[in-house]
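Per my numbering, residue 169 is the first one in the sequence shown, and the count goes up by one each step.
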Amino acid sequence: MEITAQFPVLEDYTYLNTASSGILSQSIQQWRRSHDEGFMRRGSGFRTQQADFLQDVRQHVARFFRGSIENTFLVQNFSLAFNTFLDGLSHDHRFLLIKSDYPSVNYPVESRGFICDYADLNEELEQNILAKIKVFRPSVLAISLVQYIGGIKIDLNFIKRLKTEYPNMLIVADGTQFCGTENFNFQESGLDVLISSGYKWMLSGFGNGFVLIKEDACKELYKSRLSHSLPTEPFLKDRGLLSLCFEPGHLDTLNFGTLKQSILLLEEFGMDAIEKRLKEIGQIAKKAFMDRGLLSRSVVERTSHSTIFNITANAELIKRINEASILALPRGEGLRVSFNFYNNERDLAFLLKVIDRD
């Protein structure tokens, strides 16, 4: 499959903004048109099989990330799901967070009054987390797998080792800047909970996301509701407690159907090929930015990094980049650029040409 032909936006822009929003493929747009055509012509009849349709989406998500279907839930976005998760915990939990992590991770924890402490975000992130755990003794570690401002990526092997050393500590991750970038086996990871929106690297548009939970973590949620009977209405009779909590009300078959289509698209491109491509272009971009002194020490001194970079840029350079039809956004103290599998060395070379221009 010709990659660039699937994404018309690439004809008009050098798209270095997946960290803000993924782009829509032609094949998925055609599927969405067909979906709404069916709804327009059949009305409520179109939703008759929606339960089976949505279960099929869950099965695709669980298979793609190697989770259990029973503990895979469809959600509108990370933020809603993470808030639902927090509301299901007892209030005596102690949270370790990362300083300057995504506000949708840190704020809901802080605002609920949980006792919190923070690991510094720098080149020694993993060591900082471990040091805080030994002193603070959190019951929950809640982090983004990839930091949204500068792209620092947690060492996934470190997470595995951490879970082995501290098996009773819940490890909860925001995967929004990670999911869709490489093969990932949730069951074999050290994570207890993975929550992600689909609109970035999953390329599934807005209004869809997912939650994967290990069985032991499920037992920590909504304990106070276990004594209450579940609904007995026919249309709810097969729903479990966590399904009713994470998936209340109706679910949009357009948005969650798009999530399934995006999984099929990523599998068609090949996750091994995507992972390899991102590693290659990420290494090339990092060296080019380092050679120009555009990266912070915290990124330069890490051996592994994502394909999200925060480069030093003043207002004049940002304006020049925008005028060159390069899509990227200011974040933190610089300009955030990100490379996905539909980007290539020509995109990087063009960005560098604009940066190097006097």
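We put the CB at the ideal spot given by N, CA and C, even for glycine.
In whole angstroms, what separates the C-alpha of residue i from that of residue j?
i: R514; j: L446; result: 14 angstroms
i: L293; j: L520; result: 29 angstroms
i: F241; j: V379; result: 5 angstroms
i: D260; j: A481; result: 43 angstroms
i: L265; j: R280; result: 14 angstroms
i: R504; j: F403; result: 46 angstroms
i: V314; j: A187; result: 10 angstroms
i: T252; j: L389; result: 10 angstroms
i: K387; j: K405; result: 21 angstroms
i: A287; j: N296; result: 5 angstroms
i: F457; j: L289; result: 20 angstroms
i: Q223; j: F214; result: 16 angstroms
i: G192; j: G206; result: Note that residue 192 is Leu in the sequence shown, not Gly. Their Cα atoms are separated by approximately 20 angstroms.
i: T182; j: I523; result: 14 angstroms
i: M208; j: R201; result: 10 angstroms
i: E238; j: S493; result: 45 angstroms
i: R231; j: E435; result: 11 angstroms
i: F250; j: S466; result: 28 angstroms
i: E291; j: G319; result: 12 angstroms
i: G438; j: F175; result: 17 angstroms
i: A341; j: F282; result: 17 angstroms
i: I322; j: H473; result: 8 angstroms
i: E448; j: T216; result: 46 angstroms
i: Q194; j: L394; result: 46 angstroms
i: H203; j: M337; result: 43 angstroms
i: D220; j: A483; result: 51 angstroms
i: F346; j: L359; result: 14 angstroms
i: V177; j: N512; result: 15 angstroms
Which residue wins for smallest C-alpha separation from residue i, given the options the options?
i: F354; options: D384, D288, G500, S236; result: S236
i: L485; options: R525, E333, H418; result: R525
i: K267; options: I311, L242, N239, Q174; result: I311
i: I489; options: A517, S466, N508, S464; result: A517
i: E350; options: R210, R234, R470, N290; result: R234
i: R545; options: E356, K487, I479; result: Look at the range of the chain in this structure, 169 to 526, and you will see that residue 545 is not part of it.
i: A180; options: G213, E491, D323; result: Note that residue 180 corresponds to Asp in the displayed sequence, not to Ala. Out of G213, E491, D323, E491 has the C-alpha closest to the C-alpha of D180.
i: S397; options: K368, G408, L389, F253; result: G408
i: W199; options: L434, G417, L298, Q429; result: Q429
i: V225; options: E436, L419, K455, E333; result: L419
i: F263; options: G256, S307, A299; result: S307
i: V361; options: D342, I449, I381; result: I381
i: G256; options: A385, F246, T400, N512; result: A385
i: Y334; options: F250, F282, L298; result: L298
i: K391; options: P399, F175, T400, L410; result: L410
i: V243; options: K454, I363, H473, S395; result: I363
i: E415; options: R210, N245, S212; result: N245
i: I452; options: D440, S464, F477, L433; result: F477
Round the Cβ separation of residue i and residue j to the nearest angstrom and send it over; I've been treating them as touching at under 8 angstroms.
i: L412; j: N185; result: The Cβ separation is near 37 angstroms, so there is no contact.
i: Y510; j: I171; result: 5 angstroms
i: F507; j: T475; result: 4 angstroms
i: I431; j: V229; result: 7 angstroms
i: T344; j: S357; result: Incorrect: roughly 16 angstroms between the Cβ atoms, too far for contact.
i: I317; j: I327; result: Contact doesn't hold; Cβ gap of about 20 angstroms is too wide.
i: L254; j: V277; result: 7 angstroms
i: S189; j: K368; result: 7 angstroms
Could you spell out the range, first to last residue, of the alpha helix (DSSP H) harbouring residue i?
i: P498; result: Where P498 is concerned, there is no enclosing alpha helix (DSSP H), although the beta strand (DSSP E) it sits in stretches over 497-499.
i: T332; result: 324-333
i: V467; result: 465-468
i: C413; result: 409-414
i: T421; result: 421-437
i: V314; result: Taken as a continuous stretch (DSSP letters only), V314 belongs to no alpha helix (DSSP H), as it is neither H nor E.
i: L248; result: 246-255
i: Y275; result: 271-279
i: G206; result: 194-210
i: F233; result: 218-233
i: F263; result: Taken as a continuous stretch (DSSP letters only), F263 belongs to no alpha helix (DSSP H), being part of the beta strand (DSSP E) at 262-266.
i: N478; result: Note, N478: premise wrong, no alpha helix (DSSP H); beta strand (DSSP E) at 476-479.
i: R488; result: 483-491
i: F507; result: Unbroken run through F507: none, as it is neither H nor E.
i: A385; result: 383-386
State the start and end residues of the unbroken beta strand (DSSP E) segment that holds residue i.
i: V361; result: 361-365
i: D524; result: Counting along the chain, D524 falls outside any beta strand (DSSP E), though it belongs to the alpha helix (DSSP H) covering 513-524.
Flag residue i as yes if its beta-carbon sits less than 7 angstroms from any beta-carbon of chain D, otherwise no.
i: D220; result: Given the protein chain composition of this structure (a single chain), no chain D is represented.
Practice problem: Tell me, please, whether the segment 271-278 touches the segment 290-303 by the rule of three or more beta-carbon pairs shorter than 8 angstroms. | Solution: As far as the Cβ criterion goes, the segment 271-278 does not touch the segment 290-303, which means the pair count is below three.
Quiz item: Are there three or more Cβ pairs, one per stretch, closer than 8 angstroms when the segment 369-384 is compared with the segment 416-431?
Solution: Segments in contact, yes.
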